[in-house]
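The sequence shown begins at 1 in this note's numbering and counts up by one. Notes for the one structure printed next.
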Amino acid sequence: MPRKEPSRAVNIGLLGLGTVGSGVYQILTSECRDIERKTGLRLVVKKIAVRSLHKKRKIRVPQRILTTQVRELIEDPSIDIFVELAGGIHPVKEWISAALRRGKHVVTANKALLAEEGLSVYRESLRASRRLGLEASVCGGIPIIKALTEGLASNRISHFFGIVNGTCNFILTAMSRGSLSFQKALAEAQAKGYAERDPKLDIDGTDSAHKLAILARLAFRSEIPLRKISVEGIRSLSGADIEYAKELGYVIKLLAIGKKWKRGLELRVHPTMLPLDHPLASVRGVYNAVFLRADRAGDLLFYGQGAGMFPTASAVVSDILDIARNISSGSRPAAQPLFPQLPVLPIDDVKSKYYLRFQVEDKPGVLGQIARTLGRHDISILSVHQKESYQSRSVPVIILTYEAREKDLRKALGIIRAMRQVSEKPVVLRVEK
Ligand code: HSE
């Protein structure tokens, strides 16, 4: 009987032993026999760079593999894969670049880095002919990067909508289910450990914009300058609009929207009204989902946990396994491609349906004036809903429009806002279907 070749070890250097790093270490150590039996790959965590050697940890890690010196990982010629789970932009970007230059493949979950400084890292990956795995950077456990780059490789994607921030989705779900105010729902998210103490990055839409940049780059095969994404968060959403939306048959979700037109790309993050029968409408709590339209495969929905130790670690390990398979079969893992930069349409040129809420004096002619102003700006009304108010002479008027241009809407709203009978800044929500 031929003797079975012993499998070659693929050595891993791990930067960061926080929540995700601990998850990756646990999967790699507890599953190593199973992984070796199934794939013939022996994955070895050779070194882990941490901030403190003496910090109390929830998992047991041999002290001898811990170091506080990242360069020990970068300069160790036996390390094949540098796994970056530290977060932050500098000096992490420099460490990743150095690791690529030293011939290591890199796996990262660092969405902020990829969205803000990705181009220089992608260039380094290409120059060094080394793989940059980024599955864990978007939507945690959902294999959306693999779907875009491999599963849907023969498709053109016309558009996608993503619920890519679990914190915001939790807050919006709590507001909608429990009729909570934004502040109360945020406090609940913080109490449950979903929202950070400083929740800015999530609730202002920045985290979603980072993920949109990464998804759109691969979906539309275009480099994406982050500054061209229009971003609005959920901070100013009121419970009243969530209730009115519900009455009209809609739910409000923070969406990361990417659309590809002949003229260019539409890239935006904002609270969006979706009909209750839309596949994304039933994505609740901290769950993430991406709905996309592909020309060959049709409509697809990806759903799962977008954050957390094991969902994100699962994505990291999938990249590690991919690279390890290539290394052990002697083939070269593909570097990140570089794409041309397609134009991004300014938000002013974007067309959408709108939900508008005006707080107006309940007097004859007010609604007529608003309708005339919208009409003069080429905005056609789909429906009008006025709420009764017994306590005050001011009432909410809700108008749903047909598709209109953002620039026209802004002009019309400027005029309406200046009307004496309109008491508050109008609420504007975009509607998708
Ligand atoms: N804070 C993010 C979220 C997870 O709430 O979805 C990490 O991107």
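Heads up, the beta-carbon is just placed ideally off N, CA and C, and yes, glycines get one too.
Go to residue i, then tell me how far its alpha helix (DSSP H) extends in each direction, as first and last residue.
i	result
G23	19-30
I214	206-220
G193	Segment: none, G193 is in no alpha helix (DSSP H) and carries neither H nor E.
V316	309-329
E94	92-101
E247	239-247
D362	Segment: none, D362 is in no alpha helix (DSSP H) and carries neither H nor E.
E72	70-74
K200	200-203
Could you compute how far the alpha carbon of residue i sits from the alpha carbon of residue j?
i	j	result
G16	L43	18 Å
L41	H270	44 Å
L119	F339	10 Å
G368	Q386	13 Å
T428	S352	The question names Thr, but residue 428 is Val in the sequence shown. In a straight line, the C-alpha of V428 is about 11 Å away from that of S352.
I347	Q69	45 Å
I89	L201	15 Å
V422	D362	10 Å
R376	A281	34 Å
G306	S314	11 Å
E508	A98	Limits of the chain in this structure are 1 at one end and 433 at the other, which puts residue 508 out of reach.
V45	Y122	25 Å
I242	L85	37 Å
T108	G13	12 Å
E403	V431	9 Å
V106	P333	11 Å
G166	L276	19 Å
L248	Q183	24 Å
S236	I224	27 Å
A187	G285	14 Å
I323	L114	19 Å
Q198	R8	Sequence inspection shows Asp at residue 198; the Gln mentioned does not correspond to that position. Looking at the two C-alpha atoms, the distance is approximately 45 Å.
Spatial neighbours of residue i within its chain, please: C-beta separation below 6 Å, excluding the five flanking residues on both sides.
i	result
A294	L152, N155, I157
T373	A412, I415, I416
Y303	A289
P311	G140, G141, Q305
V384	I399
Just grab the DSSP bridge partners of residue i for me.
i	result
V427	R357
F170	Answer is none; F170 lacks a bridge partner.
I12	V45, I81
G258	F160, L267
Q386	V397
F291	F161, L301
G133	V107
S52	S52 is not bridged to any residue.
S230	R268
Y250	P275
S352	A404
V422	V360
L66	I48
V286	In the DSSP output, where bridge partners are listed per residue, V286 has none listed.
V344	L265
At which residues does the beta strand (DSSP E) containing residue i begin and terminate?
i	result
L301	298-305
H377	Element bounds for H377: n/a, residue is neither H nor E.
R417	Unbroken run through R417 is the alpha helix (DSSP H), 406-417; no beta strand (DSSP E).
Within its chain, find whatever has a CB closer than 8 Å to the CB of residue i; leave out the 5 residues flanking it on each side and keep chain order.
i	result
K146	E135, S318
R57	L17, S22
G264	L342, P343, V344, L345
Considering only residues of the same chain and omitting the five flanking positions on each side of residue i, which have a CB-CB separation below 7 Å?
i	result
I229	A209, L212, A213, L267, R268, V269
V138	K111, I144, I145, V164, K211, I214, L215
D34	none
I327	V10, D80
K104	I79, D80, I81, F82, R130
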